[in-house]
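Worksheet: the structure to be examined is printed underneath.
2 protein chains.
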Amino acid sequence: MNPDIIKERQNATFDVEKLTYILDGGLEKTKRRREIESMVFSDPDFKEEDPNFLSRSERYDQAVRKSAQMILKLREYGIADPEEIYCYKTMVNGNHHEAMGLHFVMFLPTLYSQCDPQQSKKWLPLAESFQAMGTYAQTEMGHGTHLRGLETTATYDPATQEFVLNSPTISSIKWWPGGLGKTSNHAIVLAQLYTQGNCHGLHAFIVPIRDMNTHVPLPGIVVGDIGPKFGFNEVDNGFLKLENVRIPRENMLMKYAKVEPDGTYVKPPSAKLTYGTMVFIRSLIVGESARALSKSCTIAIRYSSVRHQSEIRPGEPEPQILDYQTQQYKLFPLLATAYAFSFVGQYMKETYHRISGDINDGDFSELPELHALSAGLKAFTTWTTNSGIEVCRMSCGGHGYSRSSALPDIYVEFTPTCTYEGENTVMMLQTARYLVKSYRQAKAGQQLSGIVSYLNEAKQHRVQPQPVAARPTVVDINDLASLVEVYKQRAAILVELAAKSIQQEMQNRKSQEDAWNNSAIDLVRASDAHCHYVVVKLFTDKLGEIGDIAIHSVLSTLALLYALHGITTNSGDFLQAGLLNVPQVHQVSARIKELLSQLRPNAVALVDAFDHHDKKLNSVLGRYDGNVYEHMFEWARRSPLNATEVHESFHKYLKPLRSKL
Amino acid sequence: MNPDIIKERQNATFDVEKLTYILDGGLEKTKRRREIESMVFSDPDFKEEDPNFLSRSERYDQAVRKSAQMILKLREYGIADPEEIYCYKTMVNGNHHEAMGLHFVMFLPTLYSQCDPQQSKKWLPLAESFQAMGTYAQTEMGHGTHLRGLETTATYDPATQEFVLNSPTISSIKWWPGGLGKTSNHAIVLAQLYTQGNCHGLHAFIVPIRDMNTHVPLPGIVVGDIGPKFGFNEVDNGFLKLENVRIPRENMLMKYAKVEPDGTYVKPPSAKLTYGTMVFIRSLIVGESARALSKSCTIAIRYSSVRHQSEIRPGEPEPQILDYQTQQYKLFPLLATAYAFSFVGQYMKETYHRISGDINDGDFSELPELHALSAGLKAFTTWTTNSGIEVCRMSCGGHGYSRSSALPDIYVEFTPTCTYEGENTVMMLQTARYLVKSYRQAKAGQQLSGIVSYLNEAKQHRVQPQPVAARPTVVDINDLASLVEVYKQRAAILVELAAKSIQQEMQNRKSQEDAWNNSAIDLVRASDAHCHYVVVKLFTDKLGEIGDIAIHSVLSTLALLYALHGITTNSGDFLQAGLLNVPQVHQVSARIKELLSQLRPNAVALVDAFDHHDKKLNSVLGRYDGNVYEHMFEWARRSPLNATEVHESFHKYLKPLRSKL
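Chains as they are written, first to last, in full-length UniProt numbering: chain A, 1 to 661; chain B, 1 to 661.
The structure is reproduced here in C-alpha cells:
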C-alpha cells in the first residue's frame, strides 16, 4: 500500500463503510452486491485480456463469449432479480458493453409487451432459449428521434397474407441497432404500415434476418456491422437493408393494433403504455451518470493523492498534486456532483417504481411530470458527466491519456448517453414544453402541484429588468434551504423569460412554431435551471435522512459546494435576476475556497465510499493501493507492440530507407 | 452534389475564394498549398486503408511506411522550406500523427543547437541519413513539467571517461517520448549530471539504445511501447529504463555546459536560448487549435445543412437541422472562434518571427511578454477547441460517434495539446505570474508597454464591490471597439482581484508561496480573461486589414458574435465588475439571436473558405458534395467485421449455447 494513500485514509473524519451503505441503499444491498462481485471476480471463466490490447474482431469475439457465459452462469446461480442481474452484468462488463445487450433490453421486453397470446406462445420460447436472437431496429441512416420521418415500409399483401418489408432509399437503411450487425438472427423492425392503400404509421414487425441454423443472411436481407465507433467496440451496431422481404401476417406484433387477413386495419386502444419504458430507461441513465462520474473521480482523486509534482514551497519535496488549489477546484465540485447524481438516481428509481404502481392501477396522473423530469435530468446529468469525465482525465496529466488509466474507456463508453434514448437538446426542449405549459396554466389561475408548483407564483410579474442592488437580500449563502430557494427562483424566472420570449415572437407575427424555435436557446436555459434546482433540492432533501453525524457533516459540505459552485459558474443568472448581489457573489467565491480546504482530508475517503472494486475500475491510476507506477510499467510491457523486440516495419521500411538516400 | 448544399452555396453573400486567400495569408500561399495538396493526393504511394480499420500494429506499420516514403518524396520534389514541409506532412498525415515526428521536431533540432563542432561532425551526418534515428527523452513516469524533479542520473566516471546512465527507481523510467518505443535507435536523454561528487542539474546526453544494424536493444537498455492511448495510435510513445548504461564522455551535448576529461564541470553561459523553442511550439499549437476547430466546424456545419430531422412547422417536410436555433447556437459561436483562432495563430507566427529576429540581434526585451502570451493562449485556445470539437461531434447526432465522421479522430489526436508542451493550468499560472508582476510594477509607478499596458490604470483602485446599477454605462454592444474595451477592463479587474487575493492571504500570515496557491483559482481566471481580451482584440484588429466589403461585413458579424457570446457565457464577470448592466446583458442575448440568423445563409460558405480538402478531412459527414449517406454505407461495408458474413463467434459461442440450456 502506498504510504500517501494510507495517510489519506487515516485523515478521514467519517466511517467510509457506513457511507457505502447509504449509497447502496442499505447494508443488505452492499452485502449482496459484494457477494455478486466476488462470484464474478473469482470466476476463472471471466478472466480476460485488456480489450485495449485486442483488435475490433477479437473484442467482439471476447464479448460474445462473455455474453454466452453470463447466460449460463446466471441460470446456474439462480440469479433472477433484475437488479441483481444488472449488478452481475456490470461487474462482468467492467468499463465496456455487452454484445447481446439489446436481446435482453429491447427484443425480449418488446415481445413480452406487444405479442398477442398466440404470438407469445410461438416467440417467447424461441427467444428465451436463444434460438431466436434479436434486436430492435428503429433508427434509420437518415432518421433518428423523429419517428414520423422513418421511411421503411411494410405493405400488406392480402393475396399471400404477407407483409412486404422494404428500404425504399439509402437513408431508410436501418442503422445503429446494437447486435444487429453480426449477432442477431431476428430483428423487430419498425416500419410504416401500408394496407388497403393507406398508411397507418409506425408499427413493429418480427423479421427473420439470418438462417437460424447457418446464421447466413436470408434472401433480400443486406445486413452488417456499421464499422468502428468512438466506443462500443464490443457491440456490433448494425445496418439492415430490406429488399422486398416477405414475412407472414402473424409477424406483425398484434397485441394492440392489428391487420386482419383481408387487410383491414384495427387501431390500438391507447399509446400511453410505451411511454413508461422510455421514462424508465432515462431514469436509469441518471444512475449511469452517477456511476461514470464516481468512477472518474475515484481514479483522479486517488491518483492525485499519490502523484507528486512541482513545488508549492521552494526547497520542499514535491507535494501531492491534490494539494494544489486548482486541482481541488477541478475535482471536488465533480465529486460533489457525483454524490448529487447518486442521490438523484436513487430518487428517480424510487419515483419510477412508485408511479409504475399507480400506472398499473390505471392512474396516469403523475406520468407527465416524471416524463418531463426524466427527460431533462437525463440531459442535465449526462452533459455534466460527459464534460466531467474529461476534466478528471485531463487532471491526471499525461497518464490520463493512457488507456491504462481507464478514463478514455469510461469516456467513450459513456458519451453516447448524450445522444441515445433521446438527444439531449431535444430532451431539454421536451422538459421546457412541460414547464411552459405549466407556467401558462399557473398564469391562467390553475393551482399546480408537484415539482413545478413554484410556477404558481408566476402571477407576480417577476421579470422586470431592474437594478440588481435595489433587490432585497435575504439569501444566506451558508444555508442550503436558502440556496434551494434561490435556485428555485432562478428556475422560475428563466421559465418566465422563455415563455415571454415566445409571446413576444408571436407578437412579431411569428407562428407559434417559429416563435418556439426562435426561443429555443431560452427554453433550454430554463430547463437547465429547472433541473439544476431539482438536483440541489434532492441533494438537500437527502441530508434529512442521514442520522450519522460525521457523514451528515461531510455530505453537507459536499452539498454546499455543489450549490455554491453552481452559483459561481452561473453567476450571471443570479445577478441578472437580482437574486444575489455583487458582494454575495464574491462571498460565494471565497466560501468555495474554504470548502475545498475543508474537503481535502476527506477526499480519498469520499471516493472510497463509492466502493468501486479495482477489477471494475480496471485503472492503474485509480488502484485502491495507490501503487500506480509499477502496475503501469507491467501493463505497458503486456502491450501487443511489445510482443517482439524489433517491429517488422524496421526491416520493411527503415533499413531500406538508408540505402535509398 | 447534394441539392441542399448547392443552395447553401448560392446563398452566400461573399466570395469564398478571396476569404481563403486571407486565411492562407495571400493568393500565392493558397496556390502553393494546393499544389502541394495535389502532389500528395495524386500520389499512389500514399493510398491507404482507413486507419480505423487496422490493428494498432498495422497502424504503426502504415505510419512508418508513410514516414519513410515522405522523406524520399520531399527530397525528390526538393521541398525544403519548413512551412512547405509542414504543409506536405499535414496532407499525408490527415487526421493522424507521424511515426517519426520526434526525429525531426526534437532530435535533429537539439543536435543542431547543442552539439559542439566535433559532435556536429559526427552526429549530424548520421542523423540526417537516418543511420541514427532519434527521439528526445525528458519526461519520466513519475515526473512531468517540473524538470528539477527528474530522477535519471548520469554519473561521470573519470577512470574510463564515460558517463553511467541509470534509472534508479520505477518512477524514473523515461515515459511518453514519441518514437522511443520501437522506431528510434538513439535517444537524447535528459539526466541529472553528477561529477566529482556534485549534482549539476539536468543535462542532455546522446544514448544509443538499439543496435544500428539489427535494431535489437543494447545491453542495459529496457525499451518498449507504453501501450495503447486515447489517440496517437500511429506513434510508438515509449519507455526507457537505463540499467547502468555507459556512454563515452563525448556523448554529453557540450555546446554550452561541459565536463572535462578529469570530471571538472564547466557551466553554460546563459539559459535563455532554449526558451525560444518552447515559445515557438506553443505558438504553433494556437494554429493547431484553429485547424482542428475549423475542421470540426466544417464537418458539423456541412452535415447540418444536408441532414433533415423532426419538424419546426407541423405538416411541412423535415427541415435542415441547421435551421434550428439550438443547432446554430452550438455551431456558429464555434465557427466564429475558429476564425478568431486562425487570426490569432497568424499573429503569433508573425510575432514570433519578428521577435526571433530581435533575439538574433541580442534583443530579448519582448521575449517575456511573448512567452507569457504563448503560454496563456496555448491553454486558452486548446481548452476551447477541445470542448468545441466535442460540441461539433455531438451536434451530428448518432453519426458523430461513427469513426466515419472523423470527429472522434480529430478529438483524440487534438486533446493531448491540453497537456503536452506545458500543462494548461500550469500555462495559465505562468501567464498569471507575468500579469501579477506587471500589475505590481504598474502600481509601483512603472509605465508598462505592450499588451499589458492596460494595467497602467491599476492605480485607480478599480475593484470596489459596488452596486452594479450605479456604474456609468458607456458600452455600445454593437461596436467592436467598445467591446474590446470592456474585455480589457474585465481583464484588468480580474488581474487586480487575483493580486489582491495574494496580498490578503499574506496578510493572513501565509507565506508568499501558500498565498499564491490559495489564490490560484483567481489567477487562472485572470489569465483566462487576459487571453480572451487578446483574442477579441486581435480579431477586431484583423478586420482593419480587410478591404473586400462583403468579406469585411461577414467577418465583422463573426467577430461580434464571438465577443457577445463570450459576454453571455461570462456574464457574471461583466455584471460583477459593473462593466455591463442587466438590461445590456439582456440586449446581448437578443442580439446574439439576430446574429445567428444573419450568419445562417453564409454558414456553409464560411466553412468552405477554410478549404479543407475532402481527403484531408476524411469525413463522410463533412464531404464537400454533401452526399453523406451513400458514402457512409460504402464505408461501413468495408469495415473489417464485414469481411465474413458469419463471424466465427457464432460457431464458437452462440450455437453451442443453445444446446447447453
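For glycine and all other residues, C-beta sits at the position ideal for the given N, C-alpha and C.
Remember, predicted model here, so these are calculated numbers, not experimental data.
Q: Can you say whether N93 (chain A) is buried or exposed, counting buried as having 16 or more other CB atoms within 10 angstroms of its CB?
A: Result: buried.
Q. In chain A, what lies closer than 9 Å to M141 (chain B) by C-beta?
A. For a Cβ distance threshold of 9 Å, residue set H399, V628, Y629, M632, F633 of chain A lies close to M141 (chain B), ordered along the chain.
Q) Can you tell which of B:F41, B:R33, B:Y112, B:A520 has the C-alpha that lies nearest to the C-alpha of E83 (chain B)? A) Out of B:F41, B:R33, B:Y112, B:A520, B:R33 has the C-alpha closest to the C-alpha of E83 (chain B).
Q) In its own chain, which residues sit with a C-beta less than 6 Å from the C-beta of L641 (chain B), not counting the 5 before and 5 after it? A) Apart from the 5 residues on each side of it in sequence, L641 (chain B) has no Cβ closer than 6 Å to any other Cβ in its chain.
Q. Can a CB atom of chain A be found closer than 8 Å to the CB of G220 (chain B)?
A. Taking 8 Å as the threshold, the shortest C-beta distance from G220 (chain B) to chain A does not fall below it.
Q) Among B:G179, B:Q598, B:E17, B:A563, which one has its Cα closest to the Cα of V475 (chain B)? A) V475 (chain B) has its Cα closest to that of B:A563, out of B:G179, B:Q598, B:E17, B:A563.
Q) Listed from N- to C-terminal order along the chain, which residues in the region 91-113 of chain A have their beta-carbon within a distance smaller than 7 Å of any beta-carbon of chain B? A) The region 91-113 of chain A vs chain B, Cβ under 7 Å: nothing.
Q: Check whether the Cβ of Y653 (chain B) lies closer than 8 Å to any Cβ atom in chain A.
A: So, interface residue.
Q. Would you report the Cα separation of P357 (chain B) and T110 (chain B), rounded to the nearest angstrom?
A. As written in the sequence, residue 357 (chain B) is Gly, which differs from the Pro given in the question. Here the alpha carbons of T110 (chain B) and G357 (chain B) stand approximately 20 Å from one another.
Q: Compare the C-beta of N642 (chain A) with all C-beta atoms of chain B and state if any pair is closer than 8 Å.
A: It does: the Cβ of N642 (chain A) has a partner Cβ on chain B nearer than 8 Å.
Q) Which ranges would you report for the alpha helix (DSSP H) in the UniProt domain "Acyl-coenzyme A oxidase N-terminal" (15-132) of chain A if only whole runs of at least 4 residues count? A) Within the UniProt domain "Acyl-coenzyme A oxidase N-terminal" (15-132) of chain A, the complete alpha helix (DSSP H) runs of at least 4 residues are 16-24, 27-41, 56-77, 82-93, 108-114, 117-128.
**Q.** Beta-carbon proximity check, A499 (chain A) vs M427 (chain A), cutoff 8 Å
**A.** No; because the gap between Cβ atoms is not below 8 Å, this pair is not in contact.
(Q) By the three-class DSSP mapping on this structure, what secondary structure does M544 (chain A) have? (A) Per the sequence shown, residue 544 (chain A) should be read as Gly rather than Met. The three-state reading of DSSP puts G544 (chain A) in coil, since its state is none of H, G, I, E or B.
Q: Alpha carbon to alpha carbon, how far is M91 (chain B) from L180 (chain B)? Give it in angstroms, no decimals.
A: Cα atoms of L180 (chain B) and M91 (chain B): separation of roughly 24 Å, rounded to the nearest angstrom.
Q: Rounded to whole angstroms, what's the CA-CA distance from H96 (chain B) to G398 (chain B)? Just pull it up for me.
A: Cα-Cα distance, rounded: 23 Å.
Q: Name, please, each residue of chain A whose Cβ falls closer than 8 Å to the Cβ of G149 (chain B).
A: Residues of chain A whose Cβ lies closer than 8 Å to the Cβ of G149 (chain B) are, in chain order, H308, Q309, S310, E318.
Q. What in chain A is Cβ-close to T145 (chain B), meaning under 9 Å?
A. Under the 9 Å cutoff, chain A gives Q309, S310, G397.
Q) Run through DSSP, which three-state label would S402 (chain B) get? A) Collapsing the DSSP output to three states places S402 (chain B) in a strand.
Q) So which residues on chain A does G224 (chain B) lean against when the C-beta distance must stay under 9 Å? A) Within 9 Å Cβ-Cβ: A636, R637, S639, L641, N642, E645.
**Q.** 8 Å contact criterion, which Y256 (chain A) and P268 (chain A) should meet: CB distance rounded
**A.** In this structure, Y256 (chain A) and P268 (chain A) form a Cβ contact; the two beta carbons are roughly 3 Å apart against a cut-off of 8 Å.
Q.
Contact criterion: CB-CB distance below 8 Å. Does E413 (chain B) meet it with respect to chain A?
A. For E413 (chain B), not one C-beta of chain A is nearer than 8 Å to its own C-beta.
Q.
Helix, strand or coil for K174 (chain A)? Go by DSSP, reduced to three states.
A. Here DSSP, grouped into helix, strand and coil, assigns K174 (chain A) to strand.
(Q) For the region 233-257 of chain B, list every residue whose C-beta sits within 7 Å of some C-beta in chain A, in sequence order. (A) The region 233-257 of chain B vs chain A, Cβ under 7 Å: D236, F239.
(Q) Please confirm whether E648 (chain B) has its beta-carbon closer than 8 Å to some beta-carbon of chain A. (A) It does; some Cβ of chain A falls within 8 Å.
**Q.** Whole-angstrom distance between E37 (chain B) and H612 (chain B), CA atom to CA atom
**A.** Rounded to the nearest angstrom, the two C-alpha atoms are 10 Å apart.
Q) Which term fits N517 (chain A), buried or exposed, when burial requires 16 or more other beta carbons within 10 angstroms of its beta carbon? A) Around the CB of N517 (chain A), 16 or more other CB atoms lie within 10 Å, so the residue is classed as buried.
Q. Taking the alpha helix (DSSP H) that I567 (chain B) falls in, what are its first and last residues?
A. Annotation: the continuous alpha helix (DSSP H) that includes I567 (chain B) extends over 549-569.
**Q.** Below-8 Å beta-carbon distance, Q196 (chain B) vs any chain A residue
**A.** In terms of beta-carbon proximity, Q196 (chain B) stays away from the interface with chain A, with every pair separated by 8 Å or more.
Q: Identify the contact partners of E423 (chain B) in chain A, using a Cβ-Cβ distance below 8 Å as the criterion.
A: What E423 (chain B) touches in chain A, judged by beta-carbon distance under 8 Å, is G397, going in chain order.
Q. Are the C-beta atoms of K510 (chain A) and some chain B residue less than 8 Å apart?
A. At a cut-off of 8 Å between C-beta atoms, K510 (chain A) does not count as an interface residue with respect to chain B.
Q: Within its chain, find whatever has a CB closer than 7 Å to the CB of V468 (chain B); leave out the 5 residues flanking it on each side and keep chain order.
A: Low confidence applies to V468 (chain B): its pLDDT is 44, below 50, so where it sits in the model is not reliable enough to give any reading.
Q: Check the C-beta distance from T298 (chain A) over to V607 (chain A) and give it rounded, since I have them as a contact under 8 Å.
A: Contact holds; Cβ gap of about 4 Å.
Q.
Just to check my reading of the structure: P51 (chain B) and Q62 (chain B) have Cβ atoms closer than 8 Å, yes? What is that Cβ distance to the nearest angstrom?
A. Taking C-beta atoms under 8 Å as the contact rule, P51 (chain B) and Q62 (chain B) qualify, at a distance of about 7 Å.
Q. In whole angstroms, what is the alpha-carbon distance linking Y401 (chain B) and F239 (chain A)?
A. Cα to Cα, Y401 (chain B) sits roughly 15 Å from F239 (chain A).
Q. Q328 (chain B) to A603 (chain B), Cα distance in whole Å?
A. Cα-Cα distance, rounded: 9 Å.
Q | Contact under 8 Å by Cβ, V588 (chain A) with T568 (chain A) | A | Yes, the pair counts as a contact, with Cβ atoms nearer than the cut-off.
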